[in-house]
Amino acid sequence: MCAVLVLVGAFLIYDALSLAGGFAKVDPVGPRFFPLVIGSDLLVTAVILGVAIARGSVGEADAGEDIDPDAPSDWRTVGLLVAMFVATIVLVEPLGWAITGALLFAGSATILGSKRYVFNIVIGVVLSVGSFYAFYSGLGIPLPAGILDGIL
Amino acid sequence: MDNFNWLLQGFAEAATPMNLLYAMIGVLLGTAVGVLPGIGPAMTVALLLPITYNVEPSAAFIMFAGIYYGGMYGGSTTSILLNTPGESSSVITAIEGNKMAKAGRAAQALATAAIGSFVAGTIGTLLLVLFAPAVSRFAVTLGAPSYLAIMLLALVAVTMVLGNSKLRGITSLLLGLAIGLVGIDSLTGQPRATFGLPLLSDGIDIVVIAVAVFALGEALWVAAHLRRRPAEVIPVGRPWMGKEDWKRSWMPLLRGTAYGFPFGALPAGGAELPTFLSYVTEKKLSKHKEEFGKGAIEGVAGPEAANNASAAGTLVPMLSLGLPTNATAAVMLAAFVSYGIQPGPTLFDKEPLLTWTLIASLFIGNTLLLVLNLPLAPLWAKLLRTPRPYLYAGILFFATLGAFAVNLQPLDLALLLVFGLMGLMMRRSGYRYCR
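Residue numbers (this note's numbering), protein chains in the order written: chain A, 2 to 153; chain B, 159 to 593.
Right, dumping it as structure tokens:
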């Protein structure tokens, strides 16, 4: 977490310094001010948080209905889900929403442990084709049809 | 009397058949997502933001209001029937409510929660009618510096009070501000923190952030710790209360409301503190002290009323100042912006009909909740048995759909993943969010 804070803070400062300043007449604060302040605050809090963690500060995990907080983190599931999601990002334009959405649902359900593979795909297809038409005719938002262009 | 007239006009607008239908959809949807673990009203409203492109503002806000109140009510059903509260504000309800359910009094626990929601929601909304216009009239007279000060106070107060670690609260605030910096600087026209991507020059859409943190991050977090065996749901029939239950519930209900509303209206009040205060008070005043910890109805009625009254109170700063003090209010404000309406102190002056329709629909939504949810309780209990793989796969699916439909840009999905992973990491390091 500290690393993220440092990264974001450093980027903001770097980016702010690359902006042209000197618009004093129209804008006494200037475009650099806020990124610099927020960036340096991020760096400072990152250090404080780092010290706090080193001294044993652990955030109290929030309870949830489906969470077993004592179970060790299951990184395999998370990794597979992220991979699934990356595939969705890459495929959504060429293949279209109907196919990608169905794959996303079926894939995630399978990764999360649903063993009824055919049923997973059926629900996925119903959801994605249904949402395609709901958005198209109900809301007037054309989700990409991809290779099914003309069929849907 | 002017406000009263506006309120009547708001009722006239909200009571058209089409708008009643939207209210009904909102209430049902809100209760469903409130009951289901993993999704809350904030995410649901965020996912429904695309409808703002095609639906009248009044209809959209009527639906959002239904989702907001419905979500509050649905949360209590979950904590009573399943001993694991989904949000911090229903922790107290779970203590006594689940004990009651285990003792075979689930019907009474649900009934007192439903009636508590209704009473507290209605009184809370009445107080909103009284206070919000006055606060906004006062806020209009303030200059920009004072307004900035109020905004800062609210942000700092929220980060300091909510959650359990001030340090983590502040870092979240700073990360949020950092995300807000992305885009073109409005005064000098220079792209700021856009990584040279022209698509980022409009800034990052709040829908993408909200869905990423509330839906994707949450789903990934649950996936990392998923309980492999399904939780036990206590079956329930139609909720009802006997004479004795009424007698024991009505005072706690009113006291809970009195605790909840002011806390909700304060920038950082939240719902945790008033529910806790209400519980302690009822325990002290009760004639049945020995039942506390074993399923006392007062311990459900009071905190549940406090929770809902605080939800109504939250709308005071939202409507009168444009300040969100919880996630759902923040997303609703985003909806105002996407209609080109500037939320803030001038809202009551510039959009009186819309604002009063929204308030009137809160009364309507609240009544619908009571009427629909008493008979539907067994159905909601069944919803709790949704197989978890489907539930979380569905959340991922709708999160993707909602974030994608805003601009139809795959880049938004990449941002969704980045911020979703950030949300997951923050959850892991002990951050929490407040629905």
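The beta carbon of each residue, even a glycine, is placed where N, CA and C say it ideally should be. Predicted, not measured: the structure shown is a model, and the values here were computed from it.
Check, Outcome
"Bridge partner(s) assigned by DSSP for I342 of chain B", "B:P349"
"Residue nearest to F562 of chain B in terms of C-alpha spacing, selected from A:V52, A:L13, A:I90, A:F12", "A:I90"
"Buried/exposed call for F86 of chain A, threshold 16 Cβ in 10 Å", "buried"
"Secondary structure, alpha helix (DSSP H): runs of 4+ residues fully inside the segment 73 to 122 of chain A", "76 to 96, 98 to 112"
"Any C-beta of chain A under 9 Å from that of R593 of chain B", "Low confidence applies to R593 of chain B: its pLDDT is 37, below 50, so where it sits in the model is not reliable, and the reading given next is rough at best. Not an interface residue."
"Chain A contact residues for P568 of chain B, given Cβ-Cβ distances below 7 Å", "I90, V93, E94"
"Backbone secondary structure at Q167 of chain B - three-state DSSP", "helix"
"Pick from B:L165, B:E456, B:V203 that is closest to D403 of chain B, judged by C-alpha positions", "B:E456"
"Closer than 9 Å to chain A by CB, Y681 of chain B", "Absent from the structure is residue 681 of chain B, since the part of chain B shown begins at 159 and ends at 593."
"F556 of chain B versus A190 of chain B - alpha carbon distance", "15 Å"
"Contacts around R593 of chain B, its chain only, beta-carbon distance under 6 Å, and the 5 residues preceding and following it disregarded", "Because R593 of chain B sits at a pLDDT of 37, beneath the cut-off of 50, its placement in the model cannot be relied upon, and the following sentence gives the value as read from the coordinates. Here the set comprises G198, A200, E245, A485."
"Contact list for the segment 496 to 523 of chain B against chain A, Cβ threshold 9 Å", "none"
"Other residues of its chain near Y591 of chain B: CB distance less than 6 Å, five sequence neighbours each side excluded", "With a pLDDT of 49 at Y591 of chain B, under the threshold of 50, the modelled position of that residue is not reliable, and no figure is offered here."
"Contact with chain A by T558 of chain B, beta-carbon distance below 9 Å", "yes"
"Residues near I183 of chain B by beta carbon distance below 8 Å, same chain, minus five either side", "M221, G224"
"For W538 of chain B and T235 of chain B, believed in contact at Cβ under 8 Å, the rounded distance", "5 Å"
"Residues that A53 of chain A contacts on chain B, provided the C-beta gap is smaller than 7 Å", "L325"
"Exposure label - W398 of chain B; buried when at least 16 CB within 10 Å", "exposed"
"Close Cβ partners of I112 of chain A (< 7 Å) along its chain, the five nearest in sequence each way excluded", "T78, L81, L82, M85"
"Cβ-based burial, T558 of chain B [other Cβ within 10 Å; buried from 16]", "buried"
"For L575 of chain B, the nearest candidate out of B:K540, B:L186, B:L374 (CA to CA)", "B:L374"
"Y231 of chain B, DSSP secondary structure in three states", "helix"
"Proximity test, Cβ basis, 9 Å: V5 of chain A and chain B", "yes"
"Proximity to S359 of chain B [Cα-Cα], best of B:I337, B:L378, B:V371", "B:I337"
"Rounded separation between T251 of chain B and S237 of chain B - CA only", "7 Å"
"Chain A contact residues for P545 of chain B, given Cβ-Cβ distances below 8 Å", "S115"
"Below-9 Å beta-carbon distance, A292 of chain B vs any chain A residue", "no"
"Classification of L42 of chain A by the beta-carbon crowding that lies within 10 angstroms, buried from 16 upward", "In the sequence under discussion, the amino acid at residue 42 of chain A is Asp, which differs from the Leu named in the question. Classification of D42 of chain A: buried, given that the 10 Å Cβ count is 16 or more."
"Proximity winner among B:K257, B:S248, B:Y305, B:P536, relative to G451 of chain B (alpha-carbon distances)", "B:K257"
"Closer than 9 Å to chain E by CB, I124 of chain A", "No chain E is part of this structure, whose protein chains are labelled A and B."
"For V213 of chain B, three-class secondary structure by DSSP", "coil"
"Per-residue burial, M230 of chain B [other beta carbons within 10 Å of its own, 16 or more giving buried]", "buried"
"Outcome for G327 of chain B when other beta-carbon atoms lying within 10 angstroms are tallied against a minimum of 16", "buried"
"Status (buried if at least 16 other CB within 10 Å, exposed otherwise) for L163 of chain B", "According to the sequence provided, residue 163 of chain B is Asn. The question's Leu does not apply to it. Per the 10 Å Cβ criterion, exposed."
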